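Residues in the sequence shown are numbered consecutively from 1, following UniProt numbering.
Note that CB positions come from ideal geometry on N, CA and C, so glycine has one too.
Fair warning: this is a prediction, and the values are worked out from it, not measured in the lab.
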Amino acid sequence: MVIGEMDAAQVAAYFRGKNVLITGATGFLGKVLLEKILRIQPDVRKLFLLVRATDDESARRRVQTEVTGREIFQVLREKHGKGFEDFIEEKVCPLAGDVMYEDFGLDTAKLKEVSKDVDIIVNGAATTNFYERYDVSFDTNVLGAKQICAFANKCTKLKMLLHVSTAYVSGEQEGLILEKPFMMGGTLREGTHLDIESELNLIKHTQIELKANCATDKAERKTMKELGLKRARHFGWPNTYVFTKAMGEMLLGHLRGDLPVVIIRPSIITSLLKEPLPGWMEGVRTIDSVFLGYAKQALKFFLVDPNTIMDVIPGDMVVNSMMVAMLAHSEEQAQTIYHVTSSMSNPASYMTLRETAHRYFVDNPPRGENGEPIRLNKMRFFSTVARLRIYMVIKYKLPLEGATTSSVENTDWPCI
């Protein structure tokens with residue numbers, strides 16, 4: 001089936017009667033996907049949500065609090081009215097578990113039930129902190145992908161395994177980036193070879209050394225963060241997050257066998273464009289922190305070339321791409337990769353961000369403690385560190401030095 005020939009009705013029909021296992025459902029993208037499936041296809045059979053919890057009842061409460069109870073489900077809640085909770089209980093099945101454990105830590109009975117019924121697996125679980133501890137990031141982003149693949153191979157009627165990665169597994173390259181898989185051992189730095197098993201052993205060895213030296217929690221965190229960054233840069237990746245996501249892709253491709261696999265690589269995911277709530281965003285994420293800092297006048301200047309393309313993609317567009325890809329490649333015994341980005345088809349520069357933010361806050365000014373609107377100046381951009389330093393000297397250093405000199409000159413010194 002050609003993607004361009006699909007319509008919304010075909011995508012919705014694909015999920016009718018399907019059982020879907022979703023990891024990372026408590027995250028931003030997971031919520032958007034869950035809500036979309038339930039809204040466009042109320043006849044989906046069951047949505048299994050794997051969440052970290054001590055037991056299934058705790059998992060249920062967590063889903064109720066952190067997922068279905070959130071504002072993004074407002075449209076669905078209004079659609080079902082008083083029957084909303086019953087609808088959710090019928091369709092959504094929380095599972096207490098963790099992707100880093102074999103069989104996700106599920107008991108035998110639950111494992112048998114899920115593996116027998118699941119048609120689609122969506123792996124959205126990830127640690128997204130760029131500079132996370134190496135062991136923590138490795139557990140979720142690398143070993144998690146391995147356990148997902150192992151579990152998928154036990155699912156007797158599986159039609160699709162979709163894995164959410166990131167466009168930045170390609171590192172800091174420029175130009176056309178091909179949608180091709182990472183082969184085991186491959187890196188972004190010429191002359192290096194990546195052995196995932198050796199990386200795991202390095203983590204374990206470092207943990208043993210830290211314990212033997214009675215390292216404090218703070219020292220342990222610092223060491224593990226520095227180790228992740230060091231290993232990432234050694235192999236050509238800029239940070240621990242994208243490095244471990246790349247390793248996760250490698251393992252998935254290596255272990256999938258004949259599984260139908262789609263890997264989605266979005267760029268910077270931002271607020272919703274259209275549905276169900278235009279502009280909805282949960283918390284402060286990625287580029288949104290720039291808007292917030294500007295609104296509070298805590299961020300008056302920014303070190304970036306204003307002509308640089310800012311590759312952001314709305315969360316609902318990412319989810320739409322995921323759902324279309326599931327339909328297009330269902331039951332194919334192949335691995336397919338999609339970059340879900342905006343820089344080629346709809347490029348937006350940082351200058352666009354500045355002008356858009358300023359225009360928005362002129363029409364919708366933030367208010368101070370007295371309730372009066374605050375007038376914001378446009379954010380200053382500096383394309384080089386040298387220009388930023390010159391500005392800091394003229395704007396802050398020289399006036400401070402002048403004030404200090406004036407203060408000294410005007411002092412009525414006592415006679416000695």
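Does residue i pass the burial test, meaning 16 or more other C-beta atoms within 10 Å, or should it be called exposed?
i      : result
Ile264 : buried
Val20  : buried
Gly144 : buried
Gly283 : exposed
Asn141 : buried
Pro94  : buried
Ala9   : exposed
Phe182 : buried
Pro414 : Unreliable positioning characterises Pro414 in this predicted model, as indicated by a pLDDT of 49, which lies under 50. A coordinate reading is not provided.
Lys395 : exposed
Ile390 : exposed
Tyr101 : exposed
Thr108 : exposed
Gly175 : exposed
Gln74  : exposed
Ser165 : buried
Does residue i come out as helix, strand or coil in the three-state DSSP assignment?
i      : result
Ile374 : coil
Phe151 : helix
Thr270 : strand
Leu227 : helix
Arg380 : strand
Ala96  : strand
Arg265 : strand
Met322 : helix
Pro399 : helix
Thr336 : strand
Lys218 : helix
His163 : strand
Asn19  : strand
Val2   : Because the pLDDT at Val2 is just 46, under 50, the model does not fix this residue reliably, and the value given afterwards should be weighed accordingly. If DSSP states are grouped into helix, strand and coil, Val2 belongs with coil.
Arg359 : helix
Ser349 : strand
Lys296 : coil
Please tell me whether residue i has its Cβ less than 8 Å away from any Cβ of chain C.
i      : result
Val324 : Reference to chain C is not applicable here, since this structure consists of a single protein chain.
Return yes when the Cβ of residue j is within less than 8 Å of the Cβ of residue i, no when it is not.
i      : j      : result
Leu227 : Tyr134 : yes
Val340 : Ile309 : no
Arg359 : Lys378 : no
His329 : Pro260 : yes
Ala152 : Pro266 : no
Ile203 : Phe138 : yes
His193 : Leu252 : no
Val304 : Tyr350 : yes
Ser345 : Asp311 : no
Glu249 : Val169 : yes
Val51  : Ala13  : no
Lys146 : Leu255 : yes
If contacts are defined as beta-carbon pairs under 8 Å, then residue i and residue j qualify, I think. What distance do you get, rounded to the angstrom?
i           : j      : result
Ala215      : Val262 : Actually they are not in contact, since the Cβ atoms of Ala215 and Val262 sit about 41 Å apart, beyond 8 Å.
residue 465 : Arg45  : Since the first residue of the chain shown is 1 and the last is 416, residue 465 is not available in this structure.
Met317      : Leu273 : 6 Å
Leu376      : Val11  : Contact flag wrong, Cβ pair sits at about 41 Å.
Asp119      : Lys154 : With a Cβ gap of about 14 Å, Asp119 and Lys154 do not count as contacting.
At a cut-off of 7 Å, would you count residue i as near the ligand ZN, judging by its Cβ distance to the nearest heavy atom?
i      : result
Met160 : You won't find the ligand ZN in this model; it holds no ligand whatsoever.
With a cut-off of 8 Å, do at least 3 Cβ pairs link the segment 20 to 30 to the segment 122 to 130?
Yes: at least three Cβ pairs fall under 8 Å.
Looking at C-beta atoms only, is the number of pairs between the segment 131 to 150 and the segment 209 to 228 that lie closer than 8 Å three or more?
yes
Is it the case that the segment 377 to 395 contacts the segment 326 to 340, given that we only count it when at least three CB pairs across the two stretches are under 8 Å?
Short answer: they don't touch.
Is there contact here, the segment 172 to 190 with the segment 288 to 299, by at least three beta-carbon pairs under 8 Å?
no
Evaluate contact between the segment 79 to 91 and the segment 30 to 45, counting only Cβ atoms and requiring at least three cross-stretch pairs below 8 Å.
yes
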